[in-house]
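For the protein sequence lines, the chains are S and C, in the order given.
Per our numbering, residue 4 is the first one in the first sequence, and the count goes up by one each step.
Per our numbering, residue 18 is the first one in the second sequence, and the count goes up by one each step.
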Amino acid sequence: MHKGILFSINPNTGTPVFKQLVDQTQRLIARGQLKEGDLLPSTRELAKLLTINPMTVSKAYSQLETMHLVTRKKGIGMLVNSAAELGQTQQQLFQPALIETCLQGKQLGLSLQEIKALLSKQWRTME
Amino acid sequence: MNYPLKMVDLSHSYQGRAWPWQQPKQDQVLKNIGFQLKPGTITGLLGVNGAGKTSLIQCALGLINPQQGNSYLFGQNSWDSDHNIRQQIAYVPQLFDLALYSNAFKLSKHWGHYYNNWDQGFVEKILRLFGIPENQPLQQLSIGQRQKISIALALGHRPNLLILDEPVASLDPLSRRQFLQVLIEDYWDEHKTILFSSHITSDIERIASDVLILKDQEILLHQSLDELKQNCRKYTLENCPAATDYLKEIDHKLSVRTLDDRITFCLTEAQPGIGQQAFTLTAEALNLEALFLELHT
């Protein structure tokens, strides 16, 4: 299967596109959608698929390489390493989103109970 | 290093008077412009109407001889650059009007005679991709269709420097996406440099590596887009007495606003200590459009 379709980015936010790709790859590995030995799309392919600058994809891949999440194999491409390299659990990867949600809830004056209720309601709509 | 485009301390103004008996008036269009584009970069040129984008592009191309300073294309002065340099560049103007030709395909064949390494097949491929009719006279085509022809013609000799002045202003969302895809898939490689002005920040966010923002005829900012997004934050402070003193110590803050007991301001570069104070409420990351608006308030 072509792994490119696993990625989706939104260039129109405050998070740089390369950062979105790095974060997303981490999540895909944590979840097991990207497994050890899987081949990531080539820089050109992914850039084409997402209509983004190929240099942005290279930048993300280089960073993933530095994080030991992928290995560059000459003539083949980027291979995904074992999930053990993540060093972070799914729960740890969720932390930033959680902090943001709680912070915004607090700013809006919502109580913990209200946030919990909203969370369950939203969860159910996505099931 | 021979930069594809480099400007050094460039200033220009137009002189004119509305009536013969009036004193001539100087209208400054560019002020102390200095920057360079590295090979392989894609730079989005941003600025409000009248900020100087088109004048900057015209100086770059050698269509205007600046009163002060210089512009260089691959190391040669833009104003008297030779044939070899011109073979390496391409320009898509805001308005493309060559209605004399019977159709786009004929026009492209004539156009190709000016270039040594013209790829007619490539141009026709793009014209077809853009849905340009083969047998329709140019004057019957819409502004958007003419803009597409202009883009196709600019790519025919695979220029090393491509300069586009609002290339997508008249294009629909689908055509805009096609245009970006053509640039990425069929044209760009690490030896090609692109400078394009646009008001559509989401397009710039997709393909630009750098942004150059003009404000009041000067360069306000020239930076990598990733760095800008990582460093630029909009801060909101709750107005405790310490906050006002604290604010005085911060340099380069932009668009400071006060509403009731809140102060918001923007910083384009990370400063040590910011965000550590007890009274900092939020540090919000901005997309390019929000950032552009903050820079102009």
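Positions of the beta carbon are idealized from the N, C-alpha and C atoms, including for glycine.
For chain C, is any of its Cβ atoms less than 8 Å away from the one on S/Thr18? Counting from 1 along the first sequence, the entry for residue 18 of chain S is found at position 15. Yes, S/Thr18 counts as interfacial toward chain C.
Could you pull the DSSP bridge partners for C/Asn94 from this structure? Indexing the second sequence from 1 puts residue 94 of chain C at position 77. Looking at the DSSP assignment, C/Asn94 forms a beta bridge with C/Tyr89.
Residue burial classification, C/Cys249 (beta-carbon count within 10 angstroms, cutoff 16): By one-based count along the second sequence, residue 249 of chain C stands at place 232. In summary, C/Cys249 is buried, with 16 or more beta-carbon neighbours lying within 10 Å of its beta-carbon over all protein chains present.
Does the region 54-72 of chain S come into contact with the region 18-31 of chain S, if we say contact requires no fewer than three beta-carbon pairs (one atom in each stretch) closer than 8 Å? Touching, per the Cβ criterion.
Looking only at its chain, what residues have a beta carbon closer than 6 Å to the beta carbon of C/Ser226, apart from the 5 residues adjacent to it on each side? Taking the first residue of the second sequence as 1, we reach residue 226 of chain C at position 209. Cβ neighbours of C/Ser226 beyond the five flanking positions: Thr58, Ile59.
Minimum Cβ-Cβ distance from S/Pro99 to chain C less than 8 Å: In the first sequence, residue 99 of chain S corresponds to position 96, counting from 1. It does not: the Cβ of S/Pro99 has no partner Cβ on chain C nearer than 8 Å.
Quick check on DSSP: helix, strand or coil for S/Ser11? Working through the first sequence from its first residue, we reach residue 11 of chain S at position 8. Correct three-state label for S/Ser11: coil.
For the ligand MN, any of its heavy atoms closer than 7 Å to the Cβ of C/Phe282? This structure simply doesn't include the ligand MN, nor any ligand for that matter.
Nearest candidate by alpha-carbon position, reference S/Glu88, set S/Leu122, S/Ile102, S/Gln29: Looking up residue 88 of chain S in the first sequence gives position 85. Across the set S/Leu122, S/Ile102, S/Gln29, the C-alpha of S/Gln29 shows the shortest separation from the C-alpha of S/Glu88.
Is the region 194-206 of chain C touching the region 216-235 of chain C in the sense that three or more CB pairs, one from each, lie closer than 8 Å? yes
Segments assigned alpha helix (DSSP H), at least 4 residues, entirely inside the region 19-74 of chain C: Secondary structure remark: continuous alpha helix (DSSP H) runs of at least 4 residues inside the region 19-74 of chain C: none found.
When the distance is taken between beta carbons, is C/Arg175 closer than 8 Å to C/Tyr204? Sequence index remark: in the second sequence, residue 204 of chain C carries index 187 (1-based). Sequence index remark: in the second sequence, residue 175 of chain C carries index 158 (1-based). Contact flag set, yes.
I'd like the ranges of any alpha helix (DSSP H) spanning at least 4 consecutive residues and lying wholly in the region 110-159 of chain C. Correct list: 121-129, 137-146.
Cβ of C/Leu144 within 8 Å of Cβ of C/Ser125? Locating residue 144 of chain C in the second sequence gives position 127, counting from the first residue. Locating residue 125 of chain C in the second sequence gives position 108, counting from the first residue. Result yes, Cβ atoms of C/Leu144 and C/Ser125 sit closer than 8 Å.
Distance between beta carbons of C/Ser167 and C/Pro110, contact taken as under 8 Å: As a working mapping, residue 110 of chain C is identified with position 93 in the second sequence. As a working mapping, residue 167 of chain C is identified with position 150 in the second sequence. Indeed they touch by this definition, with Cβ atoms about 7 Å apart.
So which of C/Thr275, C/Glu183, C/Gly138 has the shortest CA-CA distance to C/Phe13? With chain C covering only 18 through 314, there is no way to say anything about residue 13 of chain C.
Can you pull the chain S neighbours of C/Leu303, defined as C-beta to C-beta under 7 Å? Indexing the second sequence from 1 puts residue 303 of chain C at position 286. Neighbours of C/Leu303 on chain S, chain order: Gly17.
Candidates C/Glu207, C/Glu286, C/His208, C/Leu242: closest to C/Thr218 by CA position: What you label residue 218 of chain C is simply residue 201 of the second sequence in a count that begins at 1. Per the Cα distances, C/Leu242.
List, in chain order, every chain C residue whose beta-carbon is nearer than 8 Å to that of S/Ile55. In the first sequence, counting from the first residue as 1, residue 55 of chain S sits at position 52. Those are Ile201, Arg223, Ile224, listed as they occur along chain C.
Touch check for the region 45-61 of chain S and the region 86-106 of chain S: three-plus C-beta pairs under 8 Å? no
Of the residues C/Gly61, C/Pro37, C/Lys55, C/Met24, which one's Cα is nearest the Cα of C/Lys48? Along the second sequence, one-based indexing puts residue 48 of chain C at 31. Comparing Cα-Cα distances from C/Lys48 to each of C/Gly61, C/Pro37, C/Lys55, C/Met24, the minimum goes to C/Met24.
Contact between the region 152-161 of chain C and the region 34-46 of chain C is defined here as three or more beta-carbon pairs at a separation below 8 Å; is this criterion met? no
Distance cutoff 8 Å, beta carbons only. Does S/Pro44 sit that close to anything in chain C? Indexing the first sequence from 1 puts residue 44 of chain S at position 41. With 8 Å as the cut-off, S/Pro44 does not count as an interface residue toward chain C.
Three-way DSSP call (helix, strand, coil) for C/Lys232 in this model: For this step, residue 232 of chain C is matched to residue 215 along the second sequence. Residue state, collapsed to three classes: strand.
Is the distance from the Cβ of S/Val83 to the Cβ of S/Lys124 below 8 Å? Counting from 1 along the first sequence, the entry for residue 83 of chain S is found at position 80. Counting from 1 along the first sequence, the entry for residue 124 of chain S is found at position 121. Going by C-beta atoms, S/Val83 is not nearer than 8 Å to S/Lys124.
Could you spell out the range, first to last residue, of the beta strand (DSSP E) harbouring S/Ile32? By one-based count along the first sequence, residue 32 of chain S stands at place 29. Taken as a continuous stretch (DSSP letters only), S/Ile32 belongs to no beta strand (DSSP E), being part of the alpha helix (DSSP H) at 20-34.
Taking a Cβ distance cut-off of 8 Å, strictly less, list which residues of the region 46-62 of chain C are near chain S, in chain order. Gly57, Ile59
Spatially closest choice to S/Leu43 from S/Lys76, S/Leu121, S/Ser114, S/Gln116, by CA coordinates: Counted from its first residue, the first sequence places residue 43 of chain S at position 40. When only C-alpha atoms are compared, the closest one is S/Lys76.
Let me know the secondary structure DSSP gives C/Ile168 once reduced to three states. The sequence position of residue 168 of chain C within the second sequence is 151, counting from 1. It is helical.
Residues of chain C with CB closer than 7 Å to the CB of S/Ala50, please, in chain order. The residue you call residue 50 of chain S lines up with position 47 of the first sequence. Under the 7 Å cutoff, chain C gives Ile201.
Could you tell me whether the Cβ atoms of C/Ser315 and C/Asp44 are closer together than 8 Å? Outside the shown range of chain C, which is 18 to 314, sits residue 315 of chain C, and nothing can be said about it.
Would you kindly check if the distance between the Cβ of C/Gln137 and the Cβ of C/Gly148 is under 8 Å? For the purposes of this step, residue 148 of chain C is taken as residue 131 along the second sequence, with counting starting at 1. For the purposes of this step, residue 137 of chain C is taken as residue 120 along the second sequence, with counting starting at 1. It is not a contact, given that the beta carbons lie outside the stated cut-off.
If we cut at 8 Å on Cβ distances, does S/Phe10 have a partner in chain C? Residue 10 of chain S sits at position 7 when you count from the first residue of the first sequence. Chain C, which has no Cβ nearer than 8 Å to the Cβ of S/Phe10, makes this no.
Which residue wins for smallest C-alpha separation from C/Leu238, given the options C/Glu244, C/Lys246, C/Leu229? On the second sequence, residue 238 of chain C is found 221 positions in, with the first residue counted as 1. Nearest option by C-alpha distance: C/Leu229.
Simplified DSSP state of C/Thr275, which is helix, strand or coil: The residue you call residue 275 of chain C lines up with position 258 of the second sequence. Three-state DSSP puts C/Thr275 in a strand.
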